[in-house]
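Chemist: Structure incoming, see below.
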Amino acid sequence: MGVIGTLASIGMAVGPPLVYVDQAVSIVRKRDSSGFSKDVCGVVIIANTVRVFFWLGERFEIALLVQSLLLVVSQLVLLWICLYYTPSPSTGSQEDDGLLAQHGENGEHGERDEVPSRRPFSFWQWPTLGSYLEFLAGLIVFLVVLQLILGRFAWYISALGFIALSIESTLPIPQFLSNYRRKSCYGFRSSTLAGWLFGDTFKTGYYFVNGSPLQFKVAGIMTLCWDLAVLAQRIYYRAEPPHKVILQEEQA
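What the sequence shown shows, in the UniProt record's numbering, is residues 1 to 252, in sequence order.
Written out as structure tokens, the structure reads:
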């Protein structure tokens with residue numbers, strides 16, 4: 001592998017996790033996670049956990065395996081930050097300027113009113129990180145059992161790849177829906193969107209140039225389409241705060 005190929009592989013491994021650094025810094029600075037959908041973290045964590053098991057059956061590039069592991073870890077950190085700085089529904093409306101109030105005390109480390117979720121089992125709307133870790137542990141155990149039973153079958157490995165990459169291709173959808181419900185992109189960093197667009201363009205090209213499995217190529221194209229949809233929202237809504245700031249997490 002030449003120097004360019006090595007640099008490309010390093011970029012593939014560490015680039016996607018770094019996309020969310022500015023988003024995390026922004027949330028910590030504002031002490032507010034409003035505007036960023038926690039479901040984005042869920043999509044990344046679930047998709048890349050499944051992708052690791054896909055690698056066990058089809059040994060694609062090590063860079064993509066390292067990327068998956070780093071993404072799972074980085075998204076767990078971002079999820080914890082989002083939970084810590086989740087605004088309380090009881091804080092009410094904001095000032096006339098529409099900016100989100102400072103409310104660090106209303107995160108995981110303070111009192112918070114519980115808001116009933118309309119999702120089955122309140123999926124991915126849990127109030128503490130422990131619940132998410134329990135789900136992730138259960139998912140890993142489930143995949144280990146399936147790997148032991150079905151891992152020798154090519155059709156299972158192929159299906160696992162399509163499942164992992166199909167989930168990954170939906171990454172921008174939760175943010176798209178959140179922006180649509182709020183009629184605003186306030187709280188969602190332009191740097192994150194730029195990272196999605198650049199990263200997904202780079203990844204898709206990388207998949208085709210390196211002859212990655214078909215699942216990766218299809219997922220890359222689908223994700224790019226949704227990235228462009230979120231870009232259209234950004235242009236239309238701009239970064240203005242919503243007219244009536246929604247303080248509780250949007251329910252599915």
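Where is the CB? At the ideal position from N, CA and C, for every residue including glycine. Fair warning: this is a prediction, and the values are worked out from it, not measured in the lab.
Using the C-alpha atoms, what's the distance from residue 232 back to residue 50?
Modeler: Locating residue 50 in the sequence shown gives position 50, counting from the first residue. Locating residue 232 in the sequence shown gives position 232, counting from the first residue. Near 30 Å, if we compare the C-alpha coordinates of residue 232 and residue 50.
Chemist: For my contact list, residue 46 and residue 167 are in at a C-beta cut-off of 8 Å; report their separation, rounded to the angstrom.
Modeler: On the sequence shown, residue 46 is found 46 positions in, with the first residue counted as 1. On the sequence shown, residue 167 is found 167 positions in, with the first residue counted as 1. The Cβ separation is near 6 Å, so the contact holds.
Chemist: DSSP on residue 183, reduced to helix/strand/coil?
Modeler: On the sequence shown, residue 183 is found 183 positions in, with the first residue counted as 1. Looking at residue 183 - three-state DSSP - the assignment turns out to be coil, as it is neither helix nor strand.
Chemist: Quick one: give me the first and last residue of the alpha helix (DSSP H) that residue 23 is part of.
Modeler: Taking the sequence shown and counting its residues from 1, the one referred to as residue 23 is at position 23. First-last of the alpha helix (DSSP H) with residue 23: 21-30.
Chemist: Residue 106 to residue 156, Cα distance in whole Å?
Modeler: Looking up residue 106 in the sequence shown gives position 106. Looking up residue 156 in the sequence shown gives position 156. Residue confidence for residue 106 is low, a pLDDT of 44 falling below 50, so the modelled location carries little weight; the figure read from the coordinates is stated next. Their backbone Cα atoms lie some 45 Å apart in a straight line.
Chemist: From residue 152 to residue 182, what does the alpha carbon distance come to, in whole angstroms?
Modeler: Start at 1 with the first residue of the sequence shown, and residue 152 comes out as number 152. Start at 1 with the first residue of the sequence shown, and residue 182 comes out as number 182. Taking the straight line joining both Cα atoms gives about 47 Å.
Chemist: Less than 8 Å between the beta carbons of residue 188 and residue 36, yes or no?
Modeler: As a working mapping, residue 188 is identified with position 188 in the sequence shown. As a working mapping, residue 36 is identified with position 36 in the sequence shown. Cβ distance < 8 Å, so residue 188 and residue 36 count as in contact.
Chemist: Kindly indicate which three-state DSSP category residue 168 falls into: helix, strand or coil?
Modeler: Residue 168 sits at position 168 when you count from the first residue of the sequence shown. It is helical.
Chemist: Short of 7 Å in beta carbon distance, which residues of its chain neighbour residue 160, apart from the five on each side in sequence? Order them along the chain.
Modeler: Locating residue 160 in the sequence shown gives position 160, where the first residue counts as 1. Excluding sequence neighbours, residue 160 sits near 50, 53, 54 and 57.
Chemist: With 16 as the cutoff for other CB atoms within 10 Å, does residue 220 come out buried or exposed?
Modeler: Here residue 220 corresponds to residue number 220 of the sequence shown, with the count starting at 1. Classification for residue 220: buried.
Chemist: Of the choices 206, 78 and 227, whose alpha-carbon is the least far from that of residue 5?
Modeler: Taking the first residue of the sequence shown as 1, we reach residue 5 at position 5. Checked all of 206, 78 and 227; the closest Cα to residue 5 is 206.
Chemist: For the alpha helix (DSSP H) that contains residue 36, what are its first and last residues?
Modeler: On the sequence shown, position 36 is the one that residue 36 refers to. It is not in any alpha helix (DSSP H) - residue 36 carries neither H nor E in the DSSP assignment.
Chemist: Shortest alpha-carbon distance to residue 65 belongs to which of 212, 224, 223 and 236?
Modeler: Counting from one through the sequence shown, the residue named residue 65 turns up at place 65. If we check each option's Cα against that of residue 65, 212 comes out closest.
Chemist: Alpha carbon to alpha carbon, how far is residue 138 from residue 184? Give it in angstroms, no decimals.
Modeler: Counting from one through the sequence shown, the residue named residue 184 turns up at place 184. Counting from one through the sequence shown, the residue named residue 138 turns up at place 138. Cα to Cα, residue 184 sits roughly 35 Å from residue 138.
Chemist: For the candidate residues 60, 87, 86 and 42, whose alpha-carbon lies nearest to that of residue 76?
Modeler: Numbered from 1 along the sequence shown, position 76 holds the residue referred to as residue 76. Considering only alpha carbons, the answer is 42.
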